[in-house]
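Data first, discussion second: the structure below is written as structure tokens.
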Amino acid sequence: MTFKDFNFKANLQNSIDEAGFKEPSPIQKDAIPVILNGKDIVGQAQTGTGKTAAFGLPIINMMKGNSGVEAVVIVPTRELAMQVSDELFRFGKSSGMNTATVYGGQSYNMQLRNIDRSSIIVATPGRLIDLLKGKKITISPSFVVLDEADEMLDMGFLDDIKEIFTYIPKERQTLLFSATMPQAIKKLAQNILVEPEFITITKSEVTNSKISQSFYVVDEYERDDALIRLYDFKDPEKSIIFCRTKKEVDRLSTYLVSQGHSAKGLHGDMEQRQREEVIKSFKKGSLDVLIATDVAARGLDVNDVSHVFNYHLPFDSESYVHRIGRTGRAGKEGTAVSIVTPHEFRMIQKIQKTTGGKMEAKVVPNINSVKVKKTDSLRSKISEQKVYDSGIDLVESLKEEYDLSTIAHKLASILTNETYVKGNNYIGKSQNDIQRLFERLKDDRGDRDSRGRGRGGYRGGNRNSRGGNRGGRSGGRTGGNRDGNREGNRSSSGRRDSRRG
Ligand code: ADP
Ligand code: MG
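In short: position in the sequence shown from 1, add 18, done, that's the working numbering.
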């Protein structure tokens with residue numbers, strides 16, 4: 019199936035071609051025909067699955083181009099407002115559809131002027147209700163979209179949204195999109211939609227198989243070291259590191275910068291302008307690493323994010339899916355790396371159960387493996403390097419003092435300095451450790467069950483197993499750490515060799 023099968027108007031089809039969209043995504047395949055039929059829909063699909071175009075394309079196709087606002091899209095955050103607005107503008111401009119972006123913190127006058135000129139507005143709930151309540155605008159759109167409805171609920175916008183609909187005439191088509199479908203969303207849909215069709219893209223279609231997922235097991239105090247080591251090893255072009263708290267974001271961005279990386283933090287306490295700047299430079303590529311909280315990075319659409327790092331696992335599996343969905347976008351490959359302690363094993367199991375995806379347990383690479391990798395890339399850099407006159411001149415002048423092989427060795431040494439790897443040789447748990455720790459988890463469960471504790475006692479069991487991890491049987495880091503089985507460890511001359519320290 020291609021986009022041509024929807025029989026969109028020629029201008030719109032041109033914009034789709036220009037955007038390079040060829041095949042509609044699953045949610046687009048299912049939702050577009052129903053929307054074109056004039057029905058209300060509730061669409062459930064994870065982030066990164068192309069929901070914007072799923073509602074944007076059919077709406078633009080059906081818009082008449084009369085004066086006045088014909089479509090309103092309500093989104094949870096300013097970042098998303100700008101992003102969705104950009105995407106809709108891209109598709110609408112050749113059909114003459116202007117887009118206004120409406121959010122708090124901007125001058126009313128400018129926004130009102132923009133709204134005046136536009137047929138589509140993309141708004142956050144707070145500012146939209148301000149404008150409607152203050153009678154600054156009156157609208158009777160034919161299309162209303164609630165995008166990322168679950169997120170809006172989480173952010174406490176439910177009442178605002180309900181109120182917004184009291185200002186919008188009933189003759190309209192209403193579309194609601196959400197990554198998850200909690201009861202409150204279903205109820206909201208019942209209230210503001212008319213006989214909606216539910217379109218759900220199931221997990222297997224959602225979990226992007228082009229994202230490889232792995233986790234590394236460490237002790238709590240090793241998190242920072244593990245992050246830097248993994249970062250060095252993976253050498254990502256563009257990546258996001260997820261944290262649980264703003265404080266952690268601040269601390270880690272300072273730390274990464276001190277390690278020579280081009281990194282910046284992104285969280286809700288930052289000024290709007292600051293956040294926009296950070297996102298802009300990240301999109302542009304002048305910033306390599308973004309360190310973010312879940313909320314700040316929700317729905318963020320940056321192409322070419324090669325890696326997502328979870329410094330901590332999130333508290334729920336939905337957030338995990340959101341996070342890793344920042345990579346592997348638009349059909350590209352992506353890598354998701356999580357750093358966990360044994361305390362987080364249950365979360366790992368939960369995530370695997372919800373996503374149906376496979377997370378592979380891996381061992382943090384030791385210094386030598388990172389060096390080997392860095393040397394390899396140095397080699398290919400050298401083989402690809404063109405010879406410049408300036409290089410020839412330098413060698414010529416050095417030849418007055420040294421023979422050629424000395425010169426070569428000296429120059430190479432300058433380069434190999436870059437392959438210096440910091441930190442302890444061994445970080446985190448070995449493959450054997452990890453296996454034992456997981457077995458331990460199962461045993462513990464069995465113990466509890468056989469002693470006839472009910473479900474209520476389960477939490478207790480959980481706590482005990484944590485205690486057990488600290489104990490000797492599973493081999494803490496001192497014992498288990500060095501028993502081979504490490505990525506790259508075996509290729510070297512032996513264990514605990516001179517490379518240490
Ligand atoms: P969601 O709202 O579901 O999180 P987006 O609408 O932001 O997803 O889309 C994610 C990315 O995929 C965007 O960069 C978008 O331009 C791109 N995209 C969407 N649909 C297609 C498609 N059919 N073909 C190629 N790229 C697409
Ligand atoms: Mg979206």
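Note that the Cβ used here is the ideal one computed from N, Cα and C, for glycine as well.
Checklist entry - What is the residue span of the alpha helix (DSSP H) that ALA315 lies within? => result 312-315
Next on the checklist: Suppose you measure from the CA of ASP58 to the CA of LEU30; what does that come to, to the nearest Å?
Outcome noted: 22 angstroms
Checklist entry - Which of helix, strand or coil does DSSP assign to LEU106? => result helix
Checklist entry - Measuring CB to CB, does LEU130 end up less than 8 angstroms from ILE92? => result no
Next on the checklist: Extract the residue ranges of the beta strand (DSSP E) inside the stretch 48-121, only unbroken runs of 3 or more that lie entirely within it.
Outcome noted: 59-62, 89-92, 117-120
Item to check | Residue nearest to MET173 in terms of C-alpha spacing, selected from LYS417, SER280, LEU412, THR142 | outcome: Minimum Cα distance to MET173 is reached at THR142.
Checklist entry - Which residues in the same chain have their Cβ closer than 6 angstroms to the Cβ of LEU211, if we skip the five residues on either side of it in sequence? => result ASP58, THR192
Checklist entry - When the Cα atoms are used, what is the spatial distance from LYS392 to VAL102? => result 39 angstroms
Checklist entry - Which full runs of the beta strand (DSSP E) of 3+ residues lie inside the stretch 243-290, going along the chain? => result 257-261, 281-284
Next on the checklist: Once DSSP output is grouped into helix, strand and coil, what is the label at PHE300?
Outcome noted: helix
Item to check | the stretch 237-250 contacting the stretch 72-83, beta-carbon criterion three pairs below 8 angstroms | outcome: no
Item to check | Beta carbon of MET199 nearer than 8 angstroms to that of GLN62 | outcome: yes
Checklist entry - alpha helix (DSSP H) containing GLY144: first to last residue? => result 143-151
Item to check | Where MET128 sits in the DSSP three-state scheme | outcome: helix
Item to check | Buried versus exposed call for HIS427 [16 or more other C-beta atoms within 10 Å across all chains shown] | outcome: exposed
Checklist entry - Sorted by chain position, which residues of the same chain lie with C-beta nearer than 6 angstroms to GLU105's C-beta, five sequence neighbours on each side aside? => result THR70
Next on the checklist: Just to confirm before moving on: does the CB-CB distance between GLN258 and ALA315 stay below 8 angstroms?
Outcome noted: Contrary to the premise, residue 258 reads as Ile rather than Gln in this sequence. Cβ atoms of ILE258 and ALA315: closer than 8 angstroms.
Next on the checklist: Using 8 angstroms for Cβ pairs, my map puts ASP306 next to SER280. What's the rounded Cβ distance?
Outcome noted: 5 angstroms
Item to check | Pairwise C-alpha distance: LYS252 and ASN116 | outcome: 42 angstroms
Item to check | Presumed contact (8 angstroms Cβ cut-off) between LEU245 and PHE327, rounded CB distance | outcome: 7 angstroms
Next on the checklist: Let me confirm a value: TYR420 is counted as buried when at least 16 other C-beta atoms fall within 10 Å, else exposed. Which label applies?
Outcome noted: exposed
Checklist entry - Any idea what DSSP makes of ILE203, helix, strand or coil? => result helix
Next on the checklist: DSSP three-state label for MET170, please.
Outcome noted: Of the three classes helix, strand and coil, the one that applies to MET170 here is helix, per DSSP.
Item to check | Endpoints, alpha helix (DSSP H) assigned at TYR234 | outcome: DSSP places TYR234 outside any alpha helix (DSSP H); the residue lies instead in the beta strand (DSSP E), whose first and last residues are 229-235.
Item to check | Any non-hydrogen atom of the ligand ADP within 7 angstroms of ASN321 CB | outcome: yes
Next on the checklist: So ILE182 and PRO159 are supposed to be a Cβ contact under 8 angstroms. How far apart are they, rounded?
Outcome noted: Contact flag wrong, Cβ pair sits at about 11 angstroms.
Item to check | Distance cut-off 7 angstroms: LYS69 Cβ against heavy atoms of the ligand MG | outcome: yes
Next on the checklist: Just verifying my parser: in three-state terms, what is the DSSP assignment at ALA37?
Outcome noted: helix
Item to check | Three-state secondary structure (DSSP) of ASN384 | outcome: ASN384 sits in coil when the DSSP states are folded into three classes, being neither helix nor strand.
Checklist entry - Taking Cβ positions only, does TYR444 come closer than 8 angstroms to chain C? => result Note that chain C does not occur in the displayed structure, where there is just one protein chain.
Item to check | Given ARG135 as reference, the closest of ALA118, LYS153, GLU295 once Cα atoms are compared | outcome: ALA118
Checklist entry - Considering PHE333, what are the terminal residues of the beta strand (DSSP E) in which it resides? => result Run containing PHE333: none; DSSP gives neither H nor E here.
Checklist entry - Which residues bound the beta strand (DSSP E) around SER196? => result 191-196
Next on the checklist: So, for GLU351: in the same chain, excluding its five sequence neighbours on each side, which residues have a beta-carbon less than 6 angstroms away from its beta-carbon?
Outcome noted: LYS228
Checklist entry - Going by the beta-carbon positions, is the gap between VAL120 and ILE139 smaller than 8 angstroms? => result Their beta carbons are under 8 angstroms apart, which means VAL120 touches ILE139 by this criterion.
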